[in-house]
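Residue 457 in numbering that gives the first Met the number 0 is what sits at position 458 of the sequence shown, and the numbering runs on without skipping anything.
Don't be surprised by glycine CBs; every beta carbon is placed ideally from N, CA and C.
Only a predicted model underlies this, so the values are computations on that prediction, with no experimental measurement involved.
Below is one structure, written out as structure tokens, with a few remarks after it.
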Amino acid sequence: MQVIRLASETDFAGWRAAARRLRRAGTPPEAVVWMVTPDEVLMDDGPLPAVPTSTGGHFAVPRDFLELAETVVCHRSPERFARLYRLLWRMASEPNLMKIVTDPEVAGLTDMAKAVSRASHKMKAFVRFRKLEGETPETYAAWFEPPHRVLERTAPFFIERFANMRFSILTPDATLLWDTRAARFGPGARASDAPADDVLEDFWRTYYASTFNPARLKVAAMTREMPRAYWRNLPEASLIPDLIASASARTAQMVEQAATQPSARARKAAAKLSRDGSFDDVPRDLEEVVAGVQICRRCDLWRDATQGVPGEGAVRAALMFVGEQPGDQEDLAGKPFVGPAGVLFNQALEKAGVPRERTYVTNAVKHFKHEPRGKRRIHQTPTAGEVRACRWWLDAERRLVRPRVIVALGATAALAVFGKPMPVAASRGQALPLPDQVQGMVTYHPSYLLRVPDEATKAQAWKAFVADLGMAWKLAG
Ligand code: SF4
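Pasting the structure below:
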């Protein structure tokens, strides 16, 4: 019997080297025992068998087998090394074995690989960093319990996303430390080694509550995507039972709201302008902008919207924010940034120390562009022509408010503010001169933060977004 001792539970290189030698030597699977022994207690069970010269020592292994093996090694099954070697052994007489997906061994190992990939995906989605108190420079830590040993294979994702952040990820199997230059892996940790709570927790809770749409609630699908096993590490999970319990009442309220008429402000402003004359006259004040937007026909977007949504805020604000267009809730309320993205925007402003009431907030396009889908109205991005048509109103707001700094939130706003397409990721975080000594800036639209598919990217984008708002406020000050 040949005993193979591997250096760690995920020692793919060790398994591969041993498996290659065993197969070249003609050692059958039933004559091999696979064990994991850490380096420090490595015992000598005798050398691996010599490779007989008669075998020629060469055989080809399909790439898809190697990829499968590298993934399966992270599975918690104690049988994984033996099962992989059994498959490798059979390939000598069945060269197309990997293509026979109904073969029980191939199917079983494929299922194991899928389970590992799923665990890695969940790790990307559900790791939550917490700030370590009193650490300089700033350092973050996260505790996570993956169902399989996926820390090492998932580490590049976190390192790439948080390249400039010092962090550690603690799991029961291993620990990853990233100091912004090099990654180190250490032994497993306990949940008590991770920090308990921090200010980011409140962000996740508010964020989750604001994005929770009761009309779209499907409990089975939600728990499939966010399995209960992960809830104990998710700050927002404490809200889920209450949100589910109140979903039907909130849905009824949303349906009722959908029948809302244009706001009293919009009706009054439109009536006043109808009496006073044409909105083609350049607006003399912001009231005329409010009124003009209600009866504007410069493009077709007015047709399906409840009302026009002009900007609002301080009349002489030094800082102006420009979003894309009103969303579903803004269209009903007649006010900009009051829906889920608005909630997040307000929270980011607060975190950045920017008083919203001292800024002016508007959109590139003043009517809600959407398409109906059942009871829902699905947002559609305005075309360049619609942005150009509505720029007449944005220019009027700029002329009347006279801000020192204008921040474009997202690509559509950037097109409206700068008059040309601007890549958001590459342009954000810097002052970009506009005519008349106005400073422009580009940053994410808050709804981007709502849409980012993985939590790690979301946390990074949130940090950048808050930093951009703070920078804009300083520039305007
Ligand atoms: Fe006028 Fe702008 Fe509305 Fe088009 S979107 S109708 S340009 S206010």
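Note to self: If I measure Cβ to Cβ from Ala475 and keep anything under 6 Å in the same chain, skipping five residues before and after, which residues do I get?
What the structure shows: Ala317, Leu318, Arg403, Val404
Item checked: Helix, strand or coil at Leu131 according to DSSP, with G and I counted as helix -> coil
Margin query: To the nearest angstrom, how far is the alpha carbon of Ala410 from that of Pro420?
Written below: 7 Å
Item checked: Given Asp299 as reference, the closest of Leu431, Thr36, Arg387 once Cα atoms are compared -> Arg387
Checklist line | Counted within 10 angstroms of its Cβ, other Cβ atoms place Thr179 as buried (16 or more) or exposed | finding: exposed
Check: Can we count Leu300 as close to the ligand SF4, meaning its CB is less than 6 Å from some heavy atom?
Finding: yes
Note to self: Based on DSSP bridge pairs, tell me the residues matched to Tyr359.
What the structure shows: Gly312, Met319
Item checked: For His378, three-class secondary structure by DSSP -> strand
Item checked: Where Phe184 falls: helix, strand or coil (DSSP) -> strand
Check: Can you tell me the Cα-Cα spacing of Arg89 and Val31, whole angstroms?
Finding: 15 Å
Check: Nearest-angstrom Cα distance between Val126 and Ala455?
Finding: 7 Å
Check: Can you check whether the CB of Val115 is closer than 7 Å to the CB of His74?
Finding: yes
Next item on the list: Could you check if Thr135 is buried or exposed, using at least 16 other CB atoms within 10 Å of its CB as the buried criterion?
Entry: exposed
Notebook entry, point to check: Since Phe128 contacts Tyr139 with CB under 8 Å, what's their CB separation in whole angstroms?
Noted result: 4 Å
Note to self: So, for Phe344: in the same chain, excluding its five sequence neighbours on each side, which residues have a beta-carbon less than 6 Å away from its beta-carbon?
What the structure shows: Phe336, Pro445
Check: Sorry if obvious, but does the Cβ on Val288 come closer than 6 Å to a heavy atom of the ligand SF4?
Finding: no
Notebook entry, point to check: Around the Cβ of Lys368, are there at least 16 other Cβ atoms within 10 angstroms (buried) or fewer (exposed)?
Noted result: buried
Check: From Val465 to Ala458, what distance separates their C-alpha atoms?
Finding: 11 Å
Note to self: Tell me the residue span of the alpha helix (DSSP H) that contains Tyr447.
What the structure shows: 445 to 450
Check: Got a sec? Which residues, its chain only, sit under 8 Å from Lys107 by beta carbon, not counting five neighbours each side?
Finding: Here residue 107 is Gly; the residue named in the question, Lys, does not match the sequence. Answer for Gly107: Arg82, listed in chain order.
Next item on the list: Let me know if Ser191 comes out buried or exposed under the rule of 16 or more other beta-carbons within 10 Å of its beta-carbon.
Entry: exposed
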